[in-house]
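Visitor: Mind having a look at this structure? Questions to follow.
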Amino acid sequence: MATLLLMNADLLVTMDGERRRIPGGGLFVRNNVIEAVAPSAALPAAADLVIDATGMVVLPGLVNTHHHLYQTLTRALPPVQNAKLFDWLTYLYPIWAELTPEAVYTSALVGLAELVLSGCTTASDHLYLVPNGARHDDEIRAARELGVRFHPCRGSMSLGRSQGGLPPDSVVQTEDEILADCERLVAAYHDPQPYAMLRIALAPCSPFSVTGESLRRSAEWARAHGVMLHTHVAETADEDEFCLEKFGCRPVEYMRRLGWVGPDVWYAHAVFLNPAEVQLLAETGTGVAHCPSSNMRLGSGIAPIREMLDAGVAVGLAVDGSASNDSSHMLAEARMALLLQRVAKGATALTVAEALEMATLGGARVLGRDDIGTLAPGKAADFIGVRLERLEFAGASCHDPAGALVLCTPPQVDLSVINGRIVVEDGHIPGLDLERLIARQNELALDMVRRAQSKR
Ligand SMILES: [Zn+2]
Numbered sequence: 014m015a016t017l018l019l020m021n022a023d024l025l026v027t028m029d030g031e032r033r034r035i036p037g038g039g040l041f042v043r044n045n046v047i048e049a050v051a052p053s054a055a056l057p058a059a060a061d062l063v064i065d066a067t068g069m070v071v072l073p074g075l076v077n078t079h080h081h082l083y084q085t086l087t088r089a090l091p092p093v094q095n096a097k098l099f100d101w102l103t104y105l106y107p108i109w110a111e112l113t114p115e116a117v118y119t120s121a122l123v124g125l126a127e128l129v130l131s132g133c134t135t136a137s138d139h140l141y142l143v144p145n146g147a148r149h150d151d152e153i154r155a156a157r158e159l160g161v162r163f164h165p166c167r168g169s170m171s172l173g174r175s176q177g178g179l180p181p182d183s184v185v186q187t188e189d190e191i192l193a194d195c196e197r198l199v200a201a202y203h204d205p206q207p208y209a210m211l212r213i214a215l216a217p218c219s220p221f222s223v224t225g226e227s228l229r230r231s232a233e234w235a236r237a238h239g240v241m242l243h244t245h246v247a248e249t250a251d252e253d254e255f256c257l258e259k260f261g262c263r264p265v266e267y268m269r270r271l272g273w274v275g276p277d278v279w280y281a282h283a284v285f286l287n288p289a290e291v292q293l294l295a296e297t298g299t300g301v302a303h304c305p306s307s308n309m310r311l312g313s314g315i316a317p318i319r320e321m322l323d324a325g326v327a328v329g330l331a332v333d334g335s336a337s338n339d340s341s342h343m344l345a346e347a348r349m350a351l352l353l354q355r356v357a358k359g360a361t362a363l364t365v366a367e368a369l370e371m372a373t374l375g376g377a378r379v380l381g382r383d384d385i386g387t388l389a390p391g392k393a394a395d396f397i398g399v400r401l402e403r404l405e406f407a408g409a410s411c412h413d414p415a416g417a418l419v420l421c422t423p424p425q426v427d428l429s430v431i432n433g434r435i436v437v438e439d440g441h442i443p444g445l446d447l448e449r450l451i452a453r454q455n456e457l458a459l460d461m462v463r464r465a466q467s468k469r
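Counting in our numbering, the sequence shown runs without a single skipped number right up to 469 at its last residue.
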């Protein structure tokens, strides 16, 4: 369709340069791009599609900057419910080694549907093992079917246990294999144009599962081809120790030496940063995907987000893989970000506005995008709506609808429009057979665990 009019939102939160919040607001979209944002009466009266947002708070679609969608297959596994990162990984690698193309596709559909229903319109994913013929193409198919804006990261592991790394040799690939597949994916899918629905990033997994050579070659290749770089950095105290012992320096310094700082790089976690490292990220424009639930679930620590924001670091939010969060809920993550900083630094450590800003504009900046994260003329038509008349908002949304989104029980969204197309309507994803999807996901999940157990 050519034009879309959203009108009569109880409150429209723009996240624009002036952070306007417009009571009775609306927006007019032409060819999937926002043309006007204003009080409804000031907008054109007709369009090819009209959405009446009466009773809703409307805001820019949320941006998830880090996930491992395949891990929705191994959520809440009893043997690792209480494990810290390295033990958790060591137990799970052999199960993940049983991934298949169908498992990657199905788990991506599950995780992305969950994300979309929680307000996410742009999702990044970090798939770093591709056994048994699985490929990133399998998750890209799921994203395209749902209609979500997608930044899949070609993850990889090249440092197996026999070489001093953490993962078993069976799930690592050679540097040549990895780079050849990166080249294939970028040629097949990467769209550098504004309003792109799909961009590829290169993402060797972490300092303890890839070789330094692999990190260096990935950075060189990515910069020559204009794609972004992503990895896990400074997640745990164990990683600090690993890097000090193996490389004689802390994780961020190790990454810096290999060329892994700059506005085209974003790190997941960045929990263990000292003030000089925070400064380095700010000065170089290196982004951070903050994963508060995961950091709490694994007992990793509290990232210095207040310090990063004060220093000007680009910080986005992320749910992280679903085996270390067990949920893919973006609004819940905004709430967790706010609460966790307050645990460390008191009640003024992070505001509702800052939490929403990280979930929208912050995530857009981390992913190198200036065309999403805000509702303003010229931006992509990605927005969400949440009905205010709901039990969990009673006595809250009458005071502050945006505050209710972050402080109350996180709701699912009632409306999501991505690239000008309705993806969630009346709280449901049209065309998605959830019952069948859930049943298949459970079958695949049990099957993977059984096959891995038979080999232990
Ligand atoms: Zn992760």
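Backbone N, C-alpha and C fix where the C-beta goes; we use that ideal spot for every residue, glycine too.
Owing to the predicted nature of the structure, the values given are computational and were not obtained by experimental measurement.
Quick check: the Cα distance between Glu367 and Ser183, rounded to an integer number of angstroms?
Guide: So the two alpha carbons sit approximately 43 Å from each other.
Visitor: Kindly list the residues whose CB is nearer than 8 Å to the CB of Asp100, restricted to its own chain and excluding five residues on each side of it in sequence; keep chain order.
Guide: Within the same chain, Asp100 has close Cβ partners Val93.
Visitor: So, for Tyr118: in the same chain, excluding its five sequence neighbours on each side, which residues have a beta-carbon less than 8 Å away from its beta-carbon?
Guide: So the list reads Asp151, Glu152, Arg154 and Ala155, once near-sequence residues are dropped.
Visitor: With distance defined between alpha-carbon atoms, name the residue in Leu215, Arg463 and Thr103 nearest to Ala237.
Guide: Nearest C-alpha to Ala237: Leu215.
Visitor: Among residues of its own chain, excluding the 5 on either side of Gly298, which ones have a beta-carbon nearer than 8 Å to its beta-carbon?
Guide: Excluding positions up to five away in sequence, the list reads Gly275, Pro276 and Ala327.
Visitor: Where DSSP assigns a beta bridge to Val479, which residues make up the other side?
Guide: Residue 479 cannot be examined here, being either before or after the span of the chain that is shown, 14 to 469.
Visitor: Shorter than 6 Å, the distance from the beta carbon of Asp460 to the closest heavy atom of ligand 1, or not?
Guide: Asp460: no, Cβ never under 6 Å from ligand 1.
Visitor: Output the boundary residues of the beta strand (DSSP E) element that contains Ile35.
Guide: Element bounds for Ile35: Arg34 to Arg43.
Visitor: Can you find at least 3 beta carbon pairs, one from the stretch 185-199 and one from the stretch 159-172, that sit closer than 8 Å?
Guide: The stretch 185-199 vs the stretch 159-172: in contact.
Visitor: Would you mind sorting Arg449 into buried or exposed? The rule is 16 or more other CB atoms within 10 Å of its CB.
Guide: The residue is exposed, with fewer than 16 neighbouring Cβ atoms inside 10 Å.
Visitor: Given His80, which residues of its chain have a CB within under 8 Å of its CB, disregarding the five upstream and five downstream residues?
Guide: Once the five neighbours on either side are set aside, the close Cβ partners of His80 are Gly124, Leu128, Ala136, Ser137, Asp138, His139, Ala331, Val332, Asp333, Gly334, Ser335 and Ser341.
Visitor: Run the proximity test for Gly334: is its beta-carbon closer than 6 Å to any non-hydrogen atom belonging to ligand 1?
Guide: Indeed, a heavy atom of ligand 1 lies less than 6 Å from the Cβ.
Visitor: Rounded to a whole number of angstroms, what is the C-alpha to C-alpha distance between Lys392 and Val462?
Guide: The alpha-carbon atoms of Lys392 and Val462 are separated by roughly 44 Å.
Visitor: Quick check: Met20 and Gly398, are their CB atoms within less than 7 Å of each other?
Guide: No, the pair does not count as a contact, with Cβ atoms beyond the cut-off.
Visitor: How would you label Ala305, buried or exposed, when you count the other beta carbons within 10 angstroms and need 16 or more for buried?
Guide: In the sequence as displayed, the identity of residue 305 is Pro instead of Ala. Counting Cβ neighbours within 10 Å, Pro305 comes out buried, since at least 16 surround it.
Visitor: Measuring straight from C-alpha to C-alpha, what distance separates Val430 and Tyr83?
Guide: Cα-Cα distance, rounded: 25 Å.
Visitor: Do Val379 and Thr78 come within 7 Å of each other at the CB atom, strictly closer than that value?
Guide: For Thr78 and Val379, yes; Cβs fall inside 7 Å.
Visitor: For Gly173, which residues of its own chain have a beta-carbon under 7 Å away from its beta-carbon, when the five flanking residues on both sides are left out?
Guide: Counting only Cβ-Cβ distances below 7 Å, and skipping sequence neighbours, we find Pro180, Pro181, Asp182 and Val185.
Visitor: Do you know offhand how far His282's Cα is from Ile451's?
Guide: Their backbone Cα atoms lie some 29 Å apart in a straight line.
Visitor: Does the structure place the stretch 217-229 close enough to the stretch 244-260 that three or more beta carbon pairs sit under 8 Å?
Guide: The stretch 244-260, when compared against the stretch 217-229, does touch it at the 8 Å Cβ threshold.
Visitor: Buried or exposed: Leu459, going by 16 or more other Cβ atoms within 10 Å of its Cβ?
Guide: Looking at its Cβ environment, which holds fewer than 16 other Cβ atoms inside 10 Å, Leu459 is exposed.
Visitor: What's the gap between the Cα of Pro15 and the Cα of Ile47?
Guide: Looking at the sequence provided, one finds Ala at residue 15 rather than Pro. Cα to Cα, the separation comes out at about 12 Å.
Visitor: Terminal residues of the continuous alpha helix (DSSP H) containing Leu450?
Guide: That run of the alpha helix (DSSP H) goes Leu447 to Lys468.
Visitor: Is it buried or exposed for Leu404, if we count other Cβ within 10 angstroms and need 16 for buried?
Guide: Under this definition Leu404 is an exposed residue.
Visitor: Is the CB-CB distance between Phe396 and Gly38 below 7 Å?
Guide: Contact: no.
Visitor: Shorter than 6 Å, the distance from the beta carbon of Ala281 to the closest heavy atom of ligand 1, or not?
Guide: The answer is yes for Ala281.
Visitor: Rounding to the nearest angstrom, what Cα-Cα distance links Leu56 and Gly386 in this structure?
Guide: Leu56 and Gly386: Cα-Cα distance of roughly 21 Å.
Visitor: Pick helix, strand or coil for Cys133, following the three-state DSSP scheme.
Guide: The answer is strand: DSSP assigns Cys133 an E or B state.
Visitor: Using the three-state DSSP reduction, which class does Ile397 fall into: helix, strand or coil?
Guide: Strand at Ile397.
Visitor: Determine the DSSP secondary structure at Ser169, reduced to helix, strand or coil.
Guide: Strand at Ser169.
Visitor: Which whole-angstrom value is the C-beta distance of Glu226 and Glu188, which I expect to be below 8 Å?
Guide: With a Cβ gap of about 6 Å, Glu226 and Glu188 count as contacting.
Visitor: Does the distance from the C-beta atom of Pro423 to that of Ala357 stay below 7 Å?
Guide: Cβ distance not < 7 Å, so Pro423 and Ala357 don't count as in contact.
Visitor: Quick one, which of Ser231, Ala409 and Asp446 has its alpha-carbon nearest Leu122's?
Guide: Closest by alpha carbon: Asp446.
Visitor: Taking all protein chains shown into account, do 16 or more other C-beta atoms lie within 10 angstroms of the C-beta of Val419, making it buried, or fewer, making it exposed?
Guide: Val419 is buried by the Cβ-count criterion.
Visitor: Looking only at its chain, what residues have a beta carbon closer than 6 Å to the beta carbon of Thr67, apart from the 5 residues adjacent to it on each side?
Guide: Asn21, listed in sequence order.
Visitor: Which ranges would you report for the alpha helix (DSSP H) in the stretch 48-115 if only whole runs of at least 4 residues count?
Guide: Here the runs fully enclosed are 98-109.
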